[in-house]
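Asks: Every letter in the sequence shown is one number past the one before it in the working numbering, and letter 303, counting from 1, is 292.
Quick reminder that beta carbons are idealized off the backbone N, C-alpha and C, glycines included.
Handing you a structure now.
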Amino acid sequence: GPATVSVLAMDRRIPKIRIRTRQADVLAGQRFVVAIDAWPRESRYPHGHFVRALGSAGDKATETEVLLLEHDVPFQPFTPNVRADLPAEGAAWLFDPVRDQLAAGKRRDLRDLDVCSIDPPGCTDIDDALHAIELPNGNFQVGVHIADVTNFVKPGTAMDAEAAHRSTTVYLVDRRIDMLPELLGTNLCSLMSKVDRLAFSCVWELDRDANIVSVAFHKSVIHSKASFTYDEAQSRIDDPAMADPITKSVRDLNMLAKKLRRRRTEAGALTLSSPEVRFRLENDSQDPVDVEMKALKETNALVEEFMLLANISVARKIHEHFPDSSLLRRHPEPPAQNFDNLQHALRPLGVQLETGSSLALAQSLDRAVLPHDPYFNNLLRILTTRCMMQAQYFCSGTHTPEEFRHYGLATAIYTHFTSPIRRYADVMVHRLLHAAVDRDADYGSVLTDKAKMAEQSDVLNHRHRMAQQAGRSSVELYTNLFFKGKTVEEPGYVTQILQNGFGVLIHNYGIEGVVYTT
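Structure, rendered in structure tokens:
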């Protein structure tokens, strides 16, 4: 007959749940979904019922599904309804000057520019591409070209509603859960080289010190000449024998990026750190065969600088046109007491963080070096990240301009424009920008409904946080699989002392865990 058993939730904060089941012996060692029905007054534990089995604990596919459910990630395949909104031509879609409004003067033809993209190896959803040309007056024309996703994703469609619901692409170690159907994300919107692609371009004139002389935004069509990995772009910069236009353009971008970065640093932008781990997976089984820390190249910083510049320029533009209903991103200043525990731990080491402003913090982080421990500074940046507030999307009409500040980037206004394939916030921003630069762009009340925008911001913030945590859980899962049955001696840092144990960071692998002592 049915027996009453206690089941343990994955989330430690949830008490044991009592369920009645005839298959208690089958469920041992399984992961399954349980619903809580009631918590009677006289019972120590809530009562619930079995919903469905997921599979064996420790099994990779099961644990991946568990972490998607746990982080509220929508991962079902796209419905026929959503797919019906894709272009009828499918993968055979080609740029058409009439349909795509080049003929009507609503789109600029930038196909002759030496545009290239720089991404991690194996990247197929290419959101952004860049170009730089030296102008006759000695200044530079620099363009950031972003996939024109809103050309394909229209308000009021099933595809748009689904993208708004998902809000973001989720990156796990072994797979991606896309926000948009693959036909768009990795093909028609992806700014691959050697094909005509629609873009939304942000084009500046910058002087030789990387100050903005002017900026213009327009829908465009581009023809990228090369898709580089960070390494390939770096070797172009470093190889004196290379002198073709694309290489020169990458070198100019790099020179300007360094100046932008220096200026941001002087304004108090923070360089924080998170342990970034990358797994090499075995092709068929997708089992982890090796784990390494991600190394950052100068070219990573190059792309980042221009993405930041584009995001800031677009934020100013949309806020000027839609002061009350722009979608922006703010990062509040952390209250001083957020640093109390860390400061207390640093005192015996003779290290003190200055937390009066982001500039003071950045400078005190730069000074915090222990000569006998080269990793200490990086560890400190990881721990400082944990004292920060969460950055959040918001509707400009719901906050005062003083609250728009982005503390970590040290800028007065910020938004997300550069990744519309994988973030819905950027899709919303593209529509706002389109309406700001083209008075014929008709979005009805979609762009001015403050209440709806504030509501969508909450969804964006929730999904963004969950996606980050799901990504981390996935790395943790693969780390456990990788080390299962292995004995490895590694130095570690104790990062926190708990009542029943302590937290340890093993820096060679970027792994953190708790060692229980009781």
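Count Cβ pairs between the region 475 to 492 and the region 72 to 85 that sit closer than 8 Å; are there 3 or more?
Replies: No: fewer than three Cβ pairs fall under 8 Å.
Asks: Helix, strand or coil for ARG318, going by three-state DSSP, please let me know.
Replies: For this step, residue 318 is matched to residue 329 along the sequence shown. If DSSP states are grouped into helix, strand and coil, ARG318 belongs with the strands.
Asks: For HIS453, which three-state DSSP category applies?
Replies: Position 464 of the sequence shown, counting from 1, holds the residue named residue 453. In the structure shown, HIS453 sits in a helix (DSSP, three-state: H, G or I).
Asks: For LYS306 and ALA425, what's the separation of their Cα atoms in angstroms?
Replies: Indexing the sequence shown from 1 puts residue 306 at position 317. Indexing the sequence shown from 1 puts residue 425 at position 436. Their backbone Cα atoms lie some 7 Å apart in a straight line.
Asks: Following the continuous alpha helix (DSSP H) through LEU297, name the residue where it begins and the one where it ends.
Replies: Counted from its first residue, the sequence shown places residue 297 at position 308. Taken as a continuous stretch (DSSP letters only), the alpha helix (DSSP H) holding LEU297 covers 287 to 310.
Asks: At what residues does the beta strand (DSSP E) containing ASP26 begin and finish?
Replies: For the purposes of this step, residue 26 is taken as the residue at position 37 of the sequence shown. Element bounds for ASP26: 19 to 27.
Asks: Could you spell out where the beta strand (DSSP E) holding LEU124 opens and where it closes?
Replies: Residue numbering aside, residue 124 sits at position 135 when the sequence shown is read from its first letter. Run containing LEU124: none; DSSP gives neither H nor E here.
Asks: Going by the DSSP bridge assignment, what does ASP185 pair with across the sheet?
Replies: To locate residue 185, count along the sequence shown from 1; it is residue 196. DSSP output for ASP185 lists HIS212 as bridge partner(s).
Asks: Tell me whether the beta-carbon of PRO144 lies closer than 8 Å to the beta-carbon of LEU75.
Replies: By one-based count along the sequence shown, residue 144 stands at place 155. By one-based count along the sequence shown, residue 75 stands at place 86. It is not a contact, given that the beta carbons lie outside the stated cut-off.
Asks: Could you tell me which residues DSSP puts in a beta bridge with ARG105?
Replies: Residue numbering aside, residue 105 sits at position 116 when the sequence shown is read from its first letter. Per the sequence shown, residue 105 should be read as Cys rather than Arg. In the DSSP output, where bridge partners are listed per residue, CYS105 has LEU119, ALA215.
Asks: Going by beta carbon distance, what residues of the same chain come within less than 7 Å of ALA304, once the five residues before and after it are set aside?
Replies: Taking the first residue of the sequence shown as 1, we reach residue 304 at position 315. Only residues of its own chain outside the window of five on either side were considered, and among them LEU317, ILE402, TYR403, THR404 have a CB closer than 7 Å to the CB of ALA304, listed in chain order.
Asks: Find the nearest neighbour of LEU57 within the set ALA24, VAL(-4), ARG164, judged by alpha-carbon distance.
Replies: As a first step, residue 57 is located in the sequence shown; it is residue number 68 there, counting from the start. It is ARG164.
Asks: Counting pairs of beta carbons, one from the region 348 to 363 and one from the region 409 to 426, are three or more of them closer than 8 Å?
Replies: Touching, no.
Asks: With respect to the alpha helix (DSSP H) encompassing LEU331, which residues constitute its N-terminal and C-terminal limits?
Replies: Working through the sequence shown from its first residue, we reach residue 331 at position 342. Segment 329 to 335, the alpha helix (DSSP H) holding LEU331.
Asks: Identify whether GLN485 lies in helix, strand or coil by the three-state DSSP scheme.
Replies: For the purposes of this step, residue 485 is taken as the residue at position 496 of the sequence shown. Of the three classes helix, strand and coil, the one that applies to GLN485 here is strand, per DSSP.
Asks: Tell me the DSSP secondary structure of PHE365 in three-state form.
Replies: Along the sequence shown, read from residue 1 onward, the residue named residue 365 stands at position 376. Of the three classes helix, strand and coil, the one that applies to PHE365 here is helix, per DSSP.
Asks: List the residues that DSSP assigns as beta-bridge partners of ASP98.
Replies: Taking the first residue of the sequence shown as position 1, residue 98 is located at position 109. Paired residue(s): VAL210.
Asks: What does a CB cutoff of less than 8 Å around LYS214 pick up in its chain, not counting 5 residues either side in sequence?
Replies: Translated into positions along the sequence shown, residue 214 becomes position 225. Counting only Cβ-Cβ distances below 8 Å, and skipping sequence neighbours, we find ASP103, VAL104, CYS105, SER182, LYS183, ILE235.
Asks: Among HIS36, TYR34, GLU287, VAL55, which residue has its Cα nearest to the Cα of SER45?
Replies: Residue 45 sits at position 56 when you count from the first residue of the sequence shown. When only C-alpha atoms are compared, the closest one is VAL55.
Asks: Output yes if chain C places a C-beta closer than 8 Å to the C-beta of TYR219; else output no.
Replies: Absent from the structure is chain C; it holds one protein chain and no more.
Asks: Counting only the same chain and skipping the five closest in sequence on each side, list residues whose C-beta sits under 7 Å from that of THR51.
Replies: Counting from one through the sequence shown, the residue named residue 51 turns up at place 62. Answer for THR51: ARG20, LEU43, GLY44, SER45, listed in chain order.
Asks: Are ASN128 and ARG197 touching if we call contact CB-CB under 8 Å?
Replies: Walking along the sequence shown from the start, residue 128 turns up at place 139. Walking along the sequence shown from the start, residue 197 turns up at place 208. Yes. Within cutoff.
Asks: Can at least three beta-carbon pairs, one atom from the region 436 to 443 and one from the region 311 to 331, be found at a separation below 8 Å?
Replies: The region 436 to 443 and the region 311 to 331 touch, with no fewer than 3 CB-CB distances between them shorter than 8 Å.
Asks: Just list the residues that DSSP pairs GLY132 with in beta bridges.
Replies: Taking the sequence shown and counting its residues from 1, one reaches residue 132 at position 143. Beta-bridge pairing links GLY132 to HIS120, VAL192.
Asks: Do LYS247 and the ligand HEM come close, with the Cβ less than 7 Å from some heavy atom?
Replies: As far as ligands go, the structure on display features none, and thus does not contain the ligand HEM.
Asks: Short check: CB of ASN489 to CB of THR506, under 8 Å?
Replies: Translated into positions along the sequence shown, residue 489 becomes position 500. Translated into positions along the sequence shown, residue 506 becomes position 517. Yes.
Asks: Exposed or buried, VAL416, counting other C-beta atoms within 10 Å across all chains shown (16 or more means buried)?
Replies: In the sequence shown, residue 416 corresponds to position 427, counting from 1. Buried, by the Cβ-count rule.
Asks: In this structure, how does DSSP classify ASN31 when only helix, strand and coil are distinguished?
Replies: What you label residue 31 is simply residue 42 of the sequence shown in a count that begins at 1. Looking at the sequence shown, residue 31 is not Asn but Glu. When DSSP states are grouped into helix, strand and coil, GLU31 belongs to the coil group.
Asks: Looking at the unbroken beta strand (DSSP E) that takes in HIS36, where does it start and where does it end?
Replies: Residue 36 sits at position 47 when you count from the first residue of the sequence shown. That run of the beta strand (DSSP E) goes 36 to 45.
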